[in-house]
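Structure first, commentary second.
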Amino acid sequence: MSTTTEQFAGSRYVAGEWSSAGGATVDVFDPTDGSVLARVNEGTEADVKAALSAARAAQRDWARTPAPERGAHIRAIADLIRAEREPLAKLLSREVGKPLSEALGEVDFAEAYLRYNAEWDRRLEGEILPGDVRGETIHLLRVPVGVIAAICPWNFPLAVLCRKIGPALVTGNTVVVKPSEVSPLSTIELVRLIDERLDVPKGVINVVAGAKVTGRALVDSPLTSLISFTGHRDTGKGIMAAASKHLTRVSLELGGKAPAIVWRDADLDVTIPAIVQARHANAGQVCTSAERVFVHRDIVGEFTERYVAAVSQLTVGAPSAAGTDMGPLASAAQLEKVRGAVETARGEGAEVLLDGSAADASFGPGYWVSPTVVAGVRRDMRIMVDETFGPVTPIMAIDSLDEALDVANDSRYGLSAYLFSRDYPTVMRTVDELDFGEIYINRTLGESVHAHHTGYKESGMGGEDGKWGMLRYTQIKTAYHHHG
Ligand code: NAD
Numbered sequence: 145m146s147t148t149t150e151q152f153a154g155s156r157y158v159a160g161e162w163s164s165a166g167g168a169t170v171d172v173f174d175p176t177d178g179s180v181l182a183r184v185n186e187g188t189e190a191d192v193k194a195a196l197s198a199a200r201a202a203q204r205d206w207a208r209t210p211a212p213e214r215g216a217h218i219r220a221i222a223d224l225i226r227a228e229r230e231p232l233a234k235l236l237s238r239e240v241g242k243p244l245s246e247a248l249g250e251v252d253f254a255e256a257y258l259r260y261n262a263e264w265d266r267r268l269e270g271e272i273l274p275g276d277v278r279g280e281t282i283h284l285l286r287v288p289v290g291v292i293a294a295i296c297p298w299n300f301p302l303a304v305l306c307r308k309i310g311p312a313l314v315t316g317n318t319v320v321v322k323p324s325e326v327s328p329l330s331t332i333e334l335v336r337l338i339d340e341r342l343d344v345p346k347g348v349i350n351v352v353a354g355a356k357v358t359g360r361a362l363v364d365s366p367l368t369s370l371i372s373f374t375g376h377r378d379t380g381k382g383i384m385a386a387a388s389k390h391l392t393r394v395s396l397e398l399g400g401k402a403p404a405i406v407w408r409d410a411d412l413d414v415t416i417p418a419i420v421q422a423r424h425a426n427a428g429q430v431c432t433s434a435e436r437v438f439v440h441r442d443i444v445g446e447f448t449e450r451y452v453a454a455v456s457q458l459t460v461g462a463p464s465a466a467g468t469d470m471g472p473l474a475s476a477a478q479l480e481k482v483r484g485a486v487e488t489a490r491g492e493g494a495e496v497l498l499d500g501s502a503a504d505a506s507f508g509p510g511y512w513v514s515p516t517v518v519a520g521v522r523r524d525m526r527i528m529v530d531e532t533f534g535p536v537t538p539i540m541a542i543d544s545l546d547e548a549l550d551v552a553n554d555s556r557y558g559l560s561a562y563l564f565s566r567d568y569p570t571v572m573r574t575v576d577e578l579d580f581g582e583i584y585i586n587r588t589l590g591e592s593v594h595a596h597h598t599g600y601k602e603s604g605m606g607g608e609d610g611k612w613g614m615l616r617y618t619q620i621k622t623a624y625h626h627h628g
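For the working numbering, add 144 to where a residue sits in the sequence shown, where the first one is 1.
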């Protein structure tokens, strides 16, 4: 398939019109060989202003549209995604480099976010309170926040997009979407399909492609009511600082450094496949990836041997090929980062048991690495501190649950954590004491659309999914009805 910008009719979709944004362009690369897959325009400040103005102009009427009608529009988008499942997944696989099977899973997840959030259309509630004085009733109304700037990362472009637009639209907000410059194509394609096939009112969904310039313009504008950002911790910090200018609300879903604690009674037949998956899905580029593995000393030898054997069996190859477990990394920057992390670990004295970080000539010029396993690590090594975001597993022995909890919590991140144990008190204590927003017990990664996904500490603030995630797109308005 040849993919060009022309195919997408433009990089800017404002008030129902496509255009090429003009100005600078950003290349989108094919991760399998580093060639240019497409070129999109970098939205300028003026483009962003036009998009936000269009969203604001459309918002009041969208909020007045009965919620079940808004829900029907969201269901129509979900139906469209279902109908276009394979082409969307192929595009996603192409731009991110993820295996087609994983891309299909992401498309399904995107659809599920929309269907789940559409269900709130008849469930949005307020409260009625008795007043303090005679003849008075107080209404607490849930009203939309206004215009949402949905700033998305490259690793799950469609799922994160729908995770944001589902709750935003059902609650009566309008959106301006900024896809990542690394993988904007599936977002542009989905919106192109929505424009072509559905009758979502103009201005309700707008898109401005681009990179930092576009993102900054969205963050800096007083027209933005809520910045719903998913991405790197440092970008999130910058956004929060910039948002203080207009006291714009922020919802920040940032990175992680998930610990996986393997207690001595863990069932390794369950544990090893679960951690292999939690470290290698999307080539390790998941915010919830198992980034640090802590194994009880009694079983660390057996665990390590079996883990190395299991990851050595993974098939690294073309994302489009059946049977591929892992494709390339998504970008040249990712390749450099992952290779650098392994080199630094080696330099700090870690033992690299399996090294897939060096380019394998047989893969050609893309962003390829293979599974890598590192032992002999200490808690203060960079590999145990910084988000690696690649298929590198550091394994560290622990002697007690106190130690496991201490090293696991010794992180500036606090998104996801894993525990493998069959011992009830161990499980209960660990859930109680882990300082993480999301804990997976005896299972691999993968959140549910109706649960709650949130990072503690420097993994963010806000929280997405489920009822609480949906309510973040609303604010409370109080009306005192004095009726005498
Ligand atoms: P990133 O922060 O580099 O980019 C994210 C988005 O922000 C992109 O669209 C980018 O163009 C935009 N951006 C960059 N600079 C900006 C600025 N100054 N102002 C406004 N927007 C700006 O992150 P990434 O590399 O695309 O994504 C990977 C990171 O995202 C990882 O750390 C990962 O853990 C995290 N992530 C978190 C979750 C979660 O739910 N917590 C989910 C997916 C990814």
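We treat Cβ as the ideally placed atom computed from N, Cα and C, and that holds for glycine.
Taking the continuous beta strand (DSSP E) assigned at L367, which residues delimit it? First-last for L367: undefined, no H or E at that position.
Buried or exposed: where does Q151 fall if 16 or more other Cβ atoms within 10 Å of its Cβ makes it buried? Confidence is the limiting factor: at Q151 the pLDDT is only 46, short of 50, which leaves the residue's position unreliable and the question unanswerable from this model.
How close, in whole Å, do the beta carbons of P323 and P463 come, if the pair is a contact with beta carbons under 8 Å? Not really, about 19 Å apart at Cβ, beyond 8 Å.
Residue closest to S489, alpha-carbon to alpha-carbon, out of L329, A262, P538 and S164: For clarity, residue 489 is Ala in the given sequence; the question names Ser instead. If we check each option's Cα against that of A489, P538 comes out closest.
Please specify which runs of the alpha helix (DSSP H), each continuous and at least 4 residues long, are wholly inside the stretch 533-561, giving them in chain order. 545-553
For A519, which residues does DSSP report across the bridge? E495
Quick one: is the Cβ of W264 within less than 6 Å of any heavy atom of ligand 1? no
Around the Cβ of V291, are there at least 16 other Cβ atoms within 10 angstroms (buried) or fewer (exposed)? buried
What separation, rounded to the nearest whole angstrom, lies between the Cα atoms of K234 and S163? 24 Å
Considering only the alpha carbon of each residue, which of L559, D579 and R526 lies closest to L549? D579
Straight-line gap, G167 to S388 (C-alpha atoms, nearest Å): 29 Å
Give me the Cα-Cα distance between H390 and V314, rounded to the nearest whole angstrom. 25 Å
Alpha-carbon spacing of I332 relative to R156, whole angstroms: 9 Å
For G375 and H627, what's the separation of their Cα atoms in angstroms? 49 Å
Taking the alpha-carbon of A422 as reference, which of G241, N586 and P231 has the nearest alpha-carbon? N586
G445, buried or exposed, once every other Cβ within 10 Å from all chains shown has been counted against 16: exposed
Quick test of your reading: L398 and E602, contact by CB under 8 Å. State the CB separation rounded to the nearest angstrom. 7 Å
Using CA atoms only, rank isn't needed, just tell me which of I282, R208, R238 and D543 is closest to S330. R238
Run through the DSSP bridge pairs and tell me what D171 is partnered with. R183
Just checking my contact of G471 with A427 at CB under 8 Å: how many whole Å lie between their CB atoms? 6 Å
When the Cα of E577 is compared with those of R441, D546, N261 and G534, which residue comes out closest? D546
For E325, I'd like the list of residues in its chain whose CB is within less than 6 Å of its CB, leaving aside the five on either flank, ordered along the chain. V170 and A355
Boundaries (first-last residue) of the alpha helix (DSSP H) holding Q619: From DSSP, Q619 is part of no alpha helix (DSSP H) but of the beta strand (DSSP E) over T618 to H626.
Who are the Cβ neighbours of P509 in its own chain at under 6 Å, not counting the five residues just before and after it? D177 and G178
Would you decide whether P210 is buried or exposed? Buried here means 16 or more other CB atoms lie within 10 Å of its CB. exposed
Please report the distance separating the alpha-carbon of P417 from that of V439. 15 Å
Here's the rule: buried if 16 or more other CB atoms are within 10 angstroms of the residue's CB, otherwise exposed. What is W535? It should be noted that the sequence gives Pro, not Trp, for residue 535. Burial call: buried.
Run the proximity test for I295: is its beta-carbon closer than 6 Å to any non-hydrogen atom belonging to ligand 1? yes
Can you find at least 3 beta carbon pairs, one from the stretch 283-300 and one from the stretch 441-457, that sit closer than 8 Å? no
Please determine whether the Cβ atom of G382 lies at a distance below 6 Å from any heavy atom of ligand 1. yes
Can you tell which of A494, A477, A216 and F533 has its C-alpha closest to the C-alpha of Y511? A477
Classification of Y617 by the beta-carbon crowding that lies within 10 angstroms, buried from 16 upward: buried
Using a Cβ distance threshold of 8 Å, determine whether the stretch 212-221 contacts the stretch 362-375, with at least three qualifying pairs required. no
Are the CB atoms of G607 and H596 within a distance shorter than 7 Å? yes
Would you grab the beta carbon distance between V320 and A353 for me? Rounded to a whole angstrom, and I think it's under 8 Å. That belief does not hold up - the Cβ atoms of V320 and A353 are roughly 11 Å apart, past 8 Å.
Among G599, E435, F564 and R341, which residue has its Cα nearest to the Cα of D413? F564
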